[in-house]
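In this note's numbering, the protein residues as written are 1 to 466.
Where is the CB? At the ideal position from N, CA and C, for every residue including glycine.
A short write-up of the structure that comes next.
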């Protein structure tokens with residue numbers, strides 16, 4: 001891609017201002033097969049990233065590249081998911097330290113404005129094979145960047161969702177998605193991929209066990225391999241029939257091992273869409289037709305639709321309870337707030353088998369995220385520590401095994417003047433594995449406990465404190 005075309009593509013949302021023209025660095029200037037951390041962008045040295053160049057990298061050829069957006073700027077942790085596949089398939093990784101979620105958009109725009117010229121001008125990048133990967137708010141950022149730049153070959157998205165406006169603007173680049181079956185964005189990710197299919201946009205969605213998180217490393221590898229297949233189909237890399245045969249066999253074995261007929265049908269449909277035009281898939285069509293006539297498939301569809309509707313209809317109840325907790329005078333006691341949220345009923349439902357139990361588990365994870373992070377954060381910001389302690393009490397009810405929740409609860413209780421309860425919560429936090437004596441010794445939220453003998457004995461019993 002020549003410079004004029006590149007500037008046209010990034011004009012507008014990206015590229016407000018000039019940029020340095022850099023010559024592509026030779027392999028001798030760069031570490032290969034290992035991370036270079038804290039690399040500063042040439043346009044804006046305040047923006048940094050973790051770089052991974054495959055061990056065979058040289059400036060004599062063009063390489064696919066993956067820009068990675070973690071919602072907390074955890075560049076190495078995010079890059080680790082893709083590193084093995086990047087080495088095997090020869091991809092450059094650039095993982096931002098500066099992308100964020102749950103806040104203003106400006107830091108992300110600043111990061112992208114610095115990274116986009118970096119990947120085009122500093123490394124031997126194949127400009128037809130620039131991909132983006134993001135988790136949560138990072139996935140949303142990747143989709144928007146792909147739409148606005150018109151220079152993205154595809155997106156690997158984990159646990160994200162579309163903003164309402166995104167449903168009004170057709171995305172034409174492929175998306176490989178992954179979402180945990182307990183993720184609060186689970187239904188949103190399914191909705192995204194339903195919309196992509198309506199648009200006729202190439203897509204694949206994989207469900208993995210777990211809550212809101214990046215996809216596991218094997219699934220991240222699968223995303224890179226999916227784009228390798230699309231590159232073969234689109235003539236962007238040489239085809240490899242032996243590799244395709246092995247990939248197809250592995251994919252089929254994984255899908256056919258699933259217990260659910262619906263999961264097998266959806267998995268086989270995704271495989272057909274991935275390999276069509278690359279290998280002979282006529283036998284797979286026949287297998288899909290057989291499954292399509294299954295009474296069990298229809299039963300599982302009805303069951304999922306029923307409990308999806310239950311989940312959608314339940315979410316307003318959670319929102320109403322959150323609003324009541326933040327506004328009611330006096331504050332709702334924890335036991336009342338728990339009932340408003342329906343925690344007791346959900347905990348019973350979560351023990352049931354099948355999709356019904358999974359939906360209840362997902363709703364519990366959703367309200368846990370709200371109470372342990374978002375509501376807690378907002379209530380601490382307005383110094384409403386009584387309500388914060390009530391909210392965190394419910395979070396500890398949902399996940400009593402998580403020590404950090406008891407620590408947060410202790411901080412809120414200490415700030416609310418409930419010293420005895422705070423020390424009891426700290427003791428529980430330690431019992432549940434939260435042992436951070438340096439933090440306990442310096443955290444200003446616990447200042448009211450410093451002179452308490454029980455607190456001093458607790459701290460003295462932990463590993464040495466500086």
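Item: The stretch 212–225 touching the stretch 106–119, judged by at least three CB pairs closer than 8 Å; Value: no
Item: Reduced DSSP category for residue 179 - H, G, I as helix; E, B as strand; rest coil; Value: strand
Item: Between the CA atoms of residue 316 and residue 343 - distance to the nearest angstrom; Value: 14 Å
Item: Residue nearest to residue 171 in terms of C-alpha spacing, selected from 180, 186 and 194; Value: 194
Item: Beta-carbon contacts of residue 437 that lie in its chain and below 8 Å, excluding the five residues immediately before and after; Value: 459, 462, 463, 464 and 465
Item: Cβ pair count under 8 Å reaching 3, the stretch 350–362 against the stretch 379–395; Value: no
Item: Residues near residue 162 by beta carbon distance below 6 Å, same chain, minus five either side; Value: 192
Item: Distance cut-off 7 Å: residue 332 Cβ against heavy atoms of the ligand NAP; Value: The ligand NAP is not part of this structure, which contains no ligands at all.
Item: Straight-line gap, residue 289 to residue 311 (C-alpha atoms, nearest Å); Value: 30 Å
Item: Contact with chain D by residue 160, beta-carbon distance below 8 Å; Value: Checking the listed chains, one finds no chain D in this structure; it contains a single protein chain.
Item: Among 411, 274 and 237, nearest to residue 442 - alpha-carbon criterion; Value: 411
Item: Reference residue 420; option with closest CA among 434, 341, 450 and 444; Value: 450
Item: Within 8 Å, strictly: CB atoms of residue 534 and residue 287; Value: Because the chain is modelled from 1 through 466, residue 534 falls outside the range shown and cannot be assessed.
Item: Complete runs of the alpha helix (DSSP H) confined to the stretch 318–378 [at least 4 residues]; Value: 334–341, 343–349 and 354–369
Item: Bounding residues of the beta strand (DSSP E) (the contiguous stretch that carries residue 50); Value: 48–52
Item: Residue range of the unbroken beta strand (DSSP E) whose run includes residue 167; Value: Unbroken run through residue 167: none, as it is neither H nor E.
Item: Whole-number beta carbon distance between residue 397 and residue 338, since they are thought to touch under 8 Å; Value: 6 Å
Item: Closest by C-alpha distance to residue 491, when choosing among 83, 42, 329 and 239; Value: For residue 491 there is no data in the structure shown, the boundaries of the chain being 1 and 466.
Item: Three-state secondary structure (DSSP) of residue 38; Value: strand
Item: Three-state secondary structure assigned by DSSP to residue 214; Value: coil
Item: Spatially closest choice to residue 326 from 391, 270, 278 and 455, by CA coordinates; Value: 391
Item: Residue span of the alpha helix (DSSP H) that contains residue 115, given as start and end; Value: 106–121
Item: Cβ-based burial, residue 149 [other Cβ within 10 Å; buried from 16]; Value: buried
Item: CA-to-CA distance, residue 64 to residue 21, given in whole angstroms; Value: The pLDDT assigned to residue 21 is 40, lower than 50, so where the model puts this residue is not dependable; a value taken from the coordinates is nonetheless given after this. Using only the alpha carbons, I get a separation of about 21 Å.
Item: Distance, residue 405 Cα to residue 157 Cα; Value: 28 Å
Item: Integer-rounded CB distance, given that residue 87 should sit under 8 Å from residue 55; Value: 7 Å
Item: Continuous beta strand (DSSP E) stretch holding residue 206: start and end; Value: 203–208
Item: Proximity to residue 265 [Cα-Cα], best of 413, 196, 252 and 372; Value: 252
Item: Endpoints, alpha helix (DSSP H) assigned at residue 96; Value: Per DSSP, residue 96 belongs to no alpha helix (DSSP H); it is in the beta strand (DSSP E), 92–96.
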